[in-house]
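A short worksheet on the structure shown next.
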Amino acid sequence: EAASLTCSGGAGGLAQWVLVELQGEVEPRQSGGLAGSLLGDLHYTREGVPVLIVGHHILYGKVVQLEKPFAVLVKRGAGEPGPEPGPTGPHAHYTVTALIKTKLLFKTRPKPIITNVPKKV
Amino acid sequence: SLVIRGEKDEQAVLCSKDKTYDMKIADTSNMLLFIPGCKTPEQLNADQASCNIIHSQIAGFANNYWELRRCRPKLKKLRKLLMEDPYEGPDSRKDQTLTFSKYTTEDLLNLIQASEEEILHQLRVIDACKIEGRYWRILEFDYEMKLLNHVTQLIDSESWSLSKVPLRTCLEELGSLEPTEMIEHILVSYGRKHIDDAGEVYFEMHEDKICRAIAQMLLQNAVKFNLSEFQEVWQQSVPEGMTTRLDQLKGLALVDKSSRPETIFLLKVDDLPEDNQERFNSLFSIREKWTEVDITPYIQDLCAEKQTVGALLTKYARSSMQNGVKVYNSRRPIS
Numbered sequence: 436e437a438a439s440l441t442c443s444g445g446a447g448g449l450a451q452w453v454l455v456e457l458q459g460e461v462e463p464r465q466s467g468g469l470a471g472s473l474l475g476d477l478h479y480t481r482e483g484v485p486v487l488i489v490g491h492h493i494l495y496g497k498v499v500q501l502e503k504p505f506a507v508l509v510k511r512g513a514g515e516p517g518p519e520p521g522p523t524g525p526h527a528h529y530t531v532t533a534l535i536k537t538k539l540l541f542k543t544r545p546k547p548i549i550t551n552v553p554k555k556v
Numbered sequence: 041s042l043v044i045r046g047e048k049d050e051q052a053v054l055c056s057k058d059k060t061y062d063m064k065i066a067d068t069s070n071m072l073l074f075i076p077g078c079k080t081p082e083q084l085n086a087d088q089a090s091c092n093i094i095h096s097q098i099a100g101f102a103n104n105y106w107e108l109r110r111c112r113p114k115l116k117k118l119r120k121l122l123m124e125d126p127y128e129g130p131d132s133r134k135d136q137t138l139t140f141s142k143y144t145t146e147d148l149l150n151l152i153q154a155s156e157e158e159i160l161h162q163l164r165v166i167d168a169c170k171i172e173g174r175y176w177r178i179l180e181f182d183y184e185m186k187l188l189n190h191v192t193q194l195i196d197s198e199s200w201s202l203s204k205v206p207l208r209t210c211l212e213e214l215g216s217l218e219p220t221e222m223i224e225h226i227l228v229s230y231g232r233k234h235i236d237d238a239g240e241v242y243f244e245m246h247e248d249k250i251c252r253a254i255a256q257m258l259l260q261n262a263v264k265f266n267l268s269e270f271q272e273v274w275q276q277s278v279p280e281g282m283t284t285r286l287d288q289l290k291g292l293a294l295v296d297k298s299s300r301p302e303t304i305f306l307l308k309v310d311d312l313p314e315d316n317q318e319r320f321n322s323l324f325s326i327r328e329k330w331t332e333v334d335i336t337p338y339i340q341d342l343c344a345e346k347q348t349v350g351a352l353l354t355k356y357a358r359s360s361m362q363n364g365v366k367v368y369n370s371r372r373p374i375s
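These protein sequences, in sequence, are chains A and B. Start counting the first sequence at 436; every next residue gets the next number (our numbering). Start counting the second sequence at 41; every next residue gets the next number (our numbering).
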């Protein structure tokens, strides 16, 4: 059995995506899954440090050039029913959709943003 | 493009046109989010105009990914498949219609965990040929020796130089005995093709390869041989003008210097396991202690791209001194 991968880049080559790496898990505020929800805001400081604000937490990260870039694969055409007699070629097909050469790594502990500091009486 | 290859009972590999990679799933406890079009600080700095909010969608997330590591192509299966039905010549009484063990290049690409170029290269190395146009076949050894013998006898009777064997005359003289494609195939397998100034094809015969094949023919008939008797018979069996040497038999036969008298037996590296640990286990069960010189031909093919035999020995064997010579034995007890 073989599955093949091809590049689907249009004119000018493959799309370049960015990876954001977070420690731990991201949970939706309400139940119902992550799809369609807002994760947060991404900023960069003047020095190019990425800053992510998620809910009421702030995370500081760094830009990392990946030593081994990633290729993003999308699977197509799988699940054809029944085995074919003898080898006849690829059934599943993976398309290389994008390359990832950079990641934003957030590994410091998220700090809660406190906007209302009680004043000393 | 790239292809993932493997049958259900095999570990998947990914192949480019000429390289093979092991695939492993790597888990991470971190969460990986992919963001198309997300800009890095450099890209934003370069694009001074946009200080607005850019709405980006997270395309997806994962906590595992596939990791690739370049590996040796898994080619042992290639020989195994082609040995299911070796070609015994046109006079063979085997019923050709009953066998389904015939493989085209396309079939091999689907079954062998290696890149196309690695497969095609290995087909040349094992002297496979296409018979009836589409199917790759290996010659059955006795038939191969029969063909070789026709050629060496002709070289002898025509008193040709071993480095100038003309194709045309071979085909003319031997064409009545064997198919012409087979005669040409044996010349290609055991010689190097040249074209002279007149445009005539001739072959420079590989002395070492011919001697080696004749040794195999002699050795396969018994468990082991008295070394000096074997060397005598062997020299007498090779074509006039060729000289036999024990180093022609690397990876084919092993000399036992500890027996009295010294003996030699057939041990083909092709018959040994492909996996590193299994190969070493197999070698150590054949012989407890090996010198580096003796074991090298039997582990050379295991070396990865920049790996040395020494590195392999350090990893899979333990060394000690025996009679002033460094020897290697197994790291673990072999049952």
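From the three backbone atoms N, C-alpha and C, an ideal C-beta is built for every residue, glycine too. For clarity, every value in this text was computed on a predicted model and none was experimentally measured.
- Message: So, at 7 Å on beta carbons, what are the nonlocal neighbours of residue 343 of chain B in its own chain, with the 5 sequence-adjacent residues on each side left out?
- Response: 349 and 352
- Stretch-stretch touch, CB-based, cutoff 8 Å, three pairs: the stretch 203-210 of chain B with the stretch 162-180 of chain B: no
- Task: Throw me the rounded Cβ distance for the residue 548 of chain A and residue 493 of chain A pair, which I believe falls under 8 Å.
- Result: 5 Å
- Can the beta-carbon of residue 179 of chain B be found closer than 8 Å to that of residue 143 of chain B? no
- DSSP on residue 209 of chain B, reduced to helix/strand/coil? helix
- Item | Spatial neighbours of residue 546 of chain A in its chain, beta-carbon cut-off 6 Å, leaving aside the 5 residues before and after | 493
- Item | CB contact below 8 Å: residue 356 of chain B versus chain A | no
- Roughly how many angstroms lie between the CA atoms of residue 249 of chain B and residue 372 of chain B, to the nearest whole one? 37 Å
- Answer with yes or no whether the minimum CB distance from residue 537 of chain A to chain B is below 8 Å. yes
- Reference residue 306 of chain B, options B:289, B:284 and B:48, closest by Cα: B:289
- Query: Using a Cβ-Cβ distance under 8 Å, would residue 458 of chain A count as near chain B?
  - Reply: yes
- Task: Compute the Euclidean distance between the alpha carbons of residue 48 of chain B and residue 157 of chain B, then round it to the nearest angstrom.
- Result: 23 Å
- For the stretch 273-287 of chain B and the stretch 226-241 of chain B, state whether three or more C-beta atom pairs, one from each stretch, are separated by less than 8 Å. no
- Message: Please return the same chain residues whose Cβ sits closer than 7 Å to the Cβ of residue 483 of chain A, not counting the five positions on each side in sequence.
- Response: 498
- Item | DSSP bridge partner residues for residue 107 of chain B (one or two, in chain order) | B:64
- Leaving out five residues on either side along the sequence, give the residues of the same chain with a beta carbon under 6 Å from the beta carbon of residue 521 of chain A. With a pLDDT of only 38 at residue 521 of chain A, under 50, the local geometry of the prediction cannot be trusted, and no value is derived from it.
- Message: I'd like to know whether the C-beta atoms of residue 301 of chain B and residue 266 of chain B end up nearer to each other than 8 Å.
- Response: yes
- Task: For residue 270 of chain B, write down the residues that DSSP places opposite it in a beta bridge.
- Result: In the DSSP output, where bridge partners are listed per residue, residue 270 of chain B has none listed.
- Item | residue 359 of chain B classed as buried or exposed, judged by whether at least 16 other C-beta atoms fall within 10 angstroms | exposed
- Looking at C-alpha atoms only, which residue of B:195, B:268 and B:105 is the closest neighbour of residue 245 of chain B? B:195
- Message: By the three-class DSSP mapping on this structure, what secondary structure does residue 464 of chain A have?
- Response: coil
- If we count the other Cβ atoms within 10 Å of its Cβ and call it buried at 16 or more, is residue 468 of chain A buried or exposed? exposed
- Pairwise C-alpha distance: residue 368 of chain B and residue 253 of chain B: 29 Å
- Item | Cutoff 8 Å: residue 71 of chain B Cβ touching any chain A Cβ | yes
- Message: If we require 3 or more residues per run, which beta strand (DSSP E) segments fall completely within the stretch 170-214 of chain B?
- Response: 175-177
- Contact list for residue 320 of chain B against chain A, beta-carbon separation under 8 Å: By Cβ distance, chain A contributes nothing, its closest Cβ being about 30 Å from residue 320 of chain B, past 8 Å.
- Query: With a CB to CB cut of under 7 Å and the five nearest residues on each side skipped, what residues in its chain are close to residue 235 of chain B?
  - Reply: 241
- Message: Let me check understanding here. Comparing Cα to Cα, which of B:326, B:207 and B:357 lies closest to residue 243 of chain B?
- Response: B:207
- Message: The alpha helix (DSSP H) that contains residue 122 of chain B, what's its start and end?
- Response: 116-122
- Query: Do three or more CB pairs link the stretch 104-115 of chain B to the stretch 75-87 of chain B at distances below 8 Å?
  - Reply: no
- Task: From the DSSP output, in three-state form, read off residue 94 of chain B for me.
- Result: coil
- Does the beta-carbon of residue 124 of chain B have 16 or more other beta-carbons within 10 angstroms, so that it is buried, or is it exposed? exposed
- Message: For residue 209 of chain B, which residues in the same chain have their Cβ closer than 6 Å to its Cβ, ignoring the five residues on either side in sequence?
- Response: none
- Query: Does the Cβ-Cβ distance between residue 74 of chain B and residue 535 of chain A come in under 8 Å?
  - Reply: yes
- Task: Pull out every residue of the stretch 461-482 of chain A whose Cβ sits closer than 7 Å to any Cβ of chain B, in chain order.
- Result: 461, 474 and 479
- Message: List, in chain order, every chain A residue whose beta-carbon is nearer than 7 Å to that of residue 76 of chain B.
- Response: 450, 452 and 533
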